[in-house]
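Numbering (the working numbering), first residue to last: 2 to 940. Idealized CB from N, CA, C, for every residue including glycine. Here the structure is a predicted model, which is why all the values come from computation and not from measurement. All remarks here apply to the structure that follows.
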Amino acid sequence: MGLERFRVKTPGMVALLARSLLCIIGLLLTFSQPICEAFNLDVENPAVYSGPKGSYFGYAVDFYLADSSSASVVIGAPKANTRQVNVKEGGSVFYCPWGLSQSDCHTIEFDNEGDRTVLLNNTEHQVDFKSHQWFGATVRSHGDTILACAPLYSWRTEKDTPLSDATGTCYLSAHNFTKFVEYAPCRTEISDAVGQGYCQGGFSADFTTDGKVVLGGPGSYFWQGQVISAAKEDIIKAYYPGYFIQSVESQIQTRQVQAKHDDSYQGYSVAVGEFSGDQVEDFHWPKSWKHFYLQMGSYFGYAVATTDINSDGMADLLVGAPMFMVRGSDGRLEEMGRVYVYLQRGPLSLELLLPHLTGTQVFGRFGSTITPLGDLNQDGFNDVAISCPFGGEDQQGLVYIYNGYSEGLREKPSQVITGQWAAGTVPASFGFALRGAKDLDMNGYPDLIVGAFGVDKAVLYRSRPIVNASATLTVYPTMINPEEKNCMITNGNNSIPVSCVNLSFCISADGKHLPDFQVEVQLDSHKHKQKGAVKRALFLDSQQPLLQRSVTVRHGERVCNHTKIYLKDEKDFRDKLSSIYVALNFSLDPKAAADSHGLRPILNYQSANVVEQKAQILLDCGEDNICVPDLKLVVQGNRKEVYLGDDNSLTLTFNARNEGEGGAYEAELYVVLPPEADYSGIARNNELTCSYDTENQTRYLSCDLGNPMKSGTSLWAGLRFTVPRLKDAHKTVQFELQIRSKNENNSHSEVVPYKLEVVVQADVILQGVSRPDKVFFPPANWRVTKSYGVEQDVGPAVEHIYELVNNGPSRISHTLLELRCPLSVQGHTLLYPLEFSTEGPINCTSDKHMNHLHLKVSVSHADAHLSGSNEDKSDMVWNKPDIENSVPLWIIILAILAGLLLLALLIYVLYKFGFFKRSLPYGTAMEKAQLKPQAASEA
């Protein structure tokens, strides 16, 4: 049994190392930085304390407020070297006064001795071992007392054994560093495994409100763990130098229980709070609370803290489980960490608050440390800080600030503090140590200390004063009448009348320890409008959509200011229906002077710093200013059919009417075009303006019908389209037309479809020729033979040529051309089908065998069949065999004689009519007639 129970001896001794190394696994992953609201911890001007390199300075931190005249911080460095003789890395605690530089930190001399010895039988025996004892791994303060522990301190319980036991030890600095005493409750005579030999007392520690010391020793009793408590006054009283074993009068401690509770590690972390209802603080809990444990390996209980977060007068409990696993979107488990919040509803009655606080950083170890902060924002509820020491993009570490409220703890952090140092060889471990709930600079707000032992740093964040501000914004009257020009603006040398309304805003503020402060006010008359939209209203003072003012607000006072906004010219914008929103956004002036503590106030992040009001443009819509149009649309077209293959010019004529009681604002004709159609232009009414656009692969046309389209309006206009991309798979093409407006009520007309039938139309022409066009049959010198060898043996060739032309517009398919030939007449063979040939996409067949006698073909002949109304033919002339191609001689002689006789008769007739008599020209005869008198006189 004894041998079996020693199996955990070695792991138990390194429990402290496990605390510091727990978070180092898997740090090569990339993390995302959370985005959170700003809160009042001043992260811009922190006080940074540094310790010896490699000393793990910052492993433990706490405030030290001995009296109202002094304030400082104490910081543990468990691997620091000291002046103790023959002690290596014994560890130390540093005292850092507030307000001085980091170089003014100095060590507190809790223990100056080296390893101690005792004289037995004239022989010195070493009884304790202080090297690598991790002194300063735990540091806590209460009033003028500081408790510092070395959980890996070892001592030898038997003189003849080389082994030592990691009992742990602690020291108290009392009465403001005037007295130092050692407190080692696990250092007893019992050295076997059933005792406290591996207690590691001081692994965790805390003070009760009345000053009792509470120590955790997770290694006692086979790692069942142990919690020990005693009043600090009794500890000081019981201390006697040189005595290793002490008996403290008020000391109480947990005892060993059944073996089934081995490896429970009770005391791994401790916190103090009143949970039993007897008004006495408790520091360990009944075993019935073991139902808190939820997931194997999550390290549930690694960190615990108590504070009243819902302000009901009862302490609540927070438990960290930094290795809690969450199943990701890919189904794989990812280590995120979790913190469980338990609200105390009564004595020993805790209620688990849902939802849980779960980390967002893989391997960030969210929940490694939890510390109460007090009431940071002075809202009456205590707040807490939770660390994620290996979170952040470069594993700098993160600290989350959560605010309490009446229902518990808010789900989202109000502030996230990021460490200043990226992970190096050793992670910075920013947030591994946290301590809050103390006001170091005495400004009325608690502060926070964060340790980063991986870079030997500790950071102090002070709380800035919280301003609880409120604002009101009023617009009056709320209706802007465009017809009433009651204000004037200056444009160059001109004064222009405009429509305006009044605007006033008031700001008040209160808070704790507030000075007078400057408030930057920004007024925006363009709120809620899309980027690039037209600004309809401007401020009269600036003639811009933004107005900025700096206002001085005194604590507890209410300050008011006044201005005006005016409406731009109606031709500069279209939207007359939607409200004109005016937004007031206020913030503290970042250039204002700091307070007496060197801090600038900050607005409470829960304050509503944006206030909105709205105004309406007065419409011609009656007393209620609400227009209700009644939009009607009639559509006509110049055609009902469109043809495949044609451009199909189309004109749609529409009549748009508003028969309602009010105008239709931003009214437009909305036309959805089918994929087969294109917009060409406006057919009628030159005042109509249209735009063409595409949205979600839908092509549409929008035409302005008026803003407003007044009641009683009746508009005729026409639009031109083409429909060139028709497909024979679609039987119809449909346009959809609708009148749309921006009115709130009855804004659209019915959708009017205009449907066109898709028709196939083709102008098919069949033309042909026969060669020769006349055949004499039987041919000359032709003799009937009984055997045929070549094509000439059956007679002269007849060739028929046909051409089929489609003049469109549509394309046709499955056309049949049929050719019928008379192969016989009166029982006699007339034509012999020889062959056919084609050009183009034609496939020909015949009901008769071509060239069934297999004649030798020397010339190509065409023979095809095609249905149609055209007909080609060759005339057939029958010749008699005895006169074939011959004319008698006498007929030739008779014809010649008849011709000569006819010629002679024609000549005689012409002679009788004087055709052959010669006559003088008309001009010559006239000349002779005119010259005769003159000639006679001369004679």
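- Bounds of the alpha helix (DSSP H) holding Trp-891 are 890–913.
- Residue pairing of Gly-302 in beta bridges, as defined by DSSP: absent, with no partner found.
- For the beta strand (DSSP E) assignment, the uninterrupted runs of no fewer than 3 residues enclosed by the stretch 139–209 are, from N- to C-terminal side, 139–143, 146–151, 170–175, 180–184 and 205–208.
- Rounded to the nearest angstrom, the gap between the Cα atoms of Leu-410 and Asn-383 is 9 Å.
- Fewer than three pairs of CB atoms, one per stretch, sit closer than 8 Å, so the stretch 634–644 makes no contact with the stretch 413–433.
- Between Gln-227 and Gln-197, the C-beta gap is smaller than 8 Å, which places the two residues in contact.
- Distance check between Tyr-240 and each of Ile-253, Asp-264 and Pro-186 places Pro-186 closest, using alpha-carbon atoms only.
- DSSP lists Glu-804 as the bridge partner or partners of Gln-768.
- Between the stretch 479–489 and the stretch 435–448 there are fewer than three C-beta pairs closer than 8 Å, too few to call the two in contact.
- Contact check for Tyr-303 against Ser-221 fails: the beta carbons are separated by 8 Å or more.
- Per DSSP, reduced to three states, the secondary structure at Gly-455 is helical.
- Proximity to Ala-798 across Val-806, Pro-834 and Gly-790 peaks at Pro-834, based on C-alpha coordinates.
- In the assembly as shown, Phe-914 is an exposed residue. Its beta-carbon has fewer than 16 other beta-carbons within 10 Å.
- Secondary structure at Trp-717: strand, using DSSP grouped into helix, strand and coil.
- Within the same chain, Cβ atoms closer than 6 Å to the Cβ of Glu-485 are found at Ser-500, the five residues on either side in sequence being excluded.
- Exposed is the label assigned to Glu-804, since fewer than 16 other Cβ atoms lie within 10 Å of its Cβ.
- With respect to Leu-702, Leu-716 sits apart: the two C-beta atoms are not nearer than 8 Å.
- DSSP places Lys-569 outside both helix and strand once states are collapsed to three, so it counts as coil.
- Under DSSP, Val-791 takes part in a beta bridge, and its partners are Lys-857.
- By alpha-carbon distance to Gln-637, the top candidate from Val-281, Gly-682 and Leu-757 is Leu-757.
- Membership of Ile-508 in the beta strand (DSSP E) is indicated by the continuous run 495–511.
- With contact defined as three or more Cβ pairs closer than 8 Å, the stretch 601–610 and the stretch 623–632 are not in contact.
- Between Gly-217 and Ser-270, the C-beta gap is smaller than 8 Å, which places the two residues in contact.
- Note on geometry: alpha-carbon atoms of Phe-655 and Gln-523 lie some 49 Å from one another.
- Residue environment for Arg-141: buried (at least 16 other C-beta atoms within 10 angstroms of its C-beta).
- Runs of beta strand (DSSP E) with 3 or more residues, each lying fully within the stretch 39–113, are found at 48–51, 61–68, 71–78 and 93–98, listed in chain order.
- Gln-397 sits buried, since 16 or more C-beta atoms from the chains shown fall within 10 Å of its C-beta.
- Around Asp-442, the same chain offers Arg-463 and His-598 as residues with beta carbons nearer than 6 Å, after the five sequence neighbours per side are excluded.
- In this structure, Phe-64 and His-143 do not form a Cβ contact; the two beta carbons are roughly 10 Å apart against a cut-off of 8 Å.
- Under the three-state reduction of DSSP output, Tyr-833 falls in the coil class, being neither helix nor strand.
- The Cβ-Cβ distance between Pro-780 and Gly-790 does not fall below 8 Å.
- Put simply, of Phe-916, Glu-45, Glu-819 and Val-427 the residue whose alpha carbon is nearest the alpha carbon of Gly-55 is Val-427.
- With a 10 Å radius around the Cβ and a threshold of 16 neighbouring Cβ atoms, Tyr-912 comes out exposed.
- Look at Phe-130 here: in three-state DSSP terms it is strand.
- In the assembly as shown, Pro-323 is a buried residue. Its beta-carbon has 16 or more other beta-carbons within 10 Å.
- The beta carbons of Ile-740 and Ala-657 sit closer together than 8 Å.
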